[in-house]
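Residue numbers (UniProt numbering): 1 to 108.
Idealized CB from N, CA, C, for every residue including glycine.
Now the structure itself:
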């Protein structure tokens, strides 16, 4: 699993988009950050602050963006990444429409 310190999501879908960060703790539960990217249009991207500053713990088992197409679908990015204080950034593309083909896919 790729280890990163920040996450970027490119909005390549047909919608206004926003995302938060989710992480899987050792007890098997998903947690969602209070941090949110705010709404942004197609052909723009947003990058998180360092994950440790928005509540992701060092022992998180997996980390992923949890995105929302305004007036549409929500979902997790895939595949998940790991968290490490290493300066690396994972980039995801949000694709599809508000209802059909909505997905958030790791590209680098």
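Nearest residue (CA-CA) to residue i, options the options
i           : options            : result
residue 80  : 23, 12 and 11      : 23
residue 108 : 93, 37 and 36      : 93
residue 41  : 53, 78, 87 and 18  : 18
residue 48  : 87, 58, 75 and 60  : 87
residue 28  : 95, 46, 103 and 60 : 60
Cα-Cα separation between residue i and residue j, rounded to whole angstroms
i          : j          : result
residue 13 : residue 50 : 25 Å
residue 21 : residue 85 : 16 Å
residue 36 : residue 5  : 16 Å
Proximity of residue i and residue j at Cβ, strictly below 8 Å
i          : j          : result
residue 73 : residue 32 : no
Inter-residue CB distance, residue i and residue j (contact presumed, cutoff 8 Å)
i           : j          : result
residue 114 : residue 83 : Residue 114 lies beyond the range of the chain shown here (1 to 108); nothing can be said about it.
residue 9   : residue 67 : 6 Å
residue 100 : residue 7  : Wrong, their Cβ atoms sit about 25 Å apart, outside the cutoff.
residue 102 : residue 75 : 6 Å
As assigned by DSSP and simplified to three states, the class of residue i
i           : result
residue 108 : coil
residue 73  : coil
residue 32  : strand
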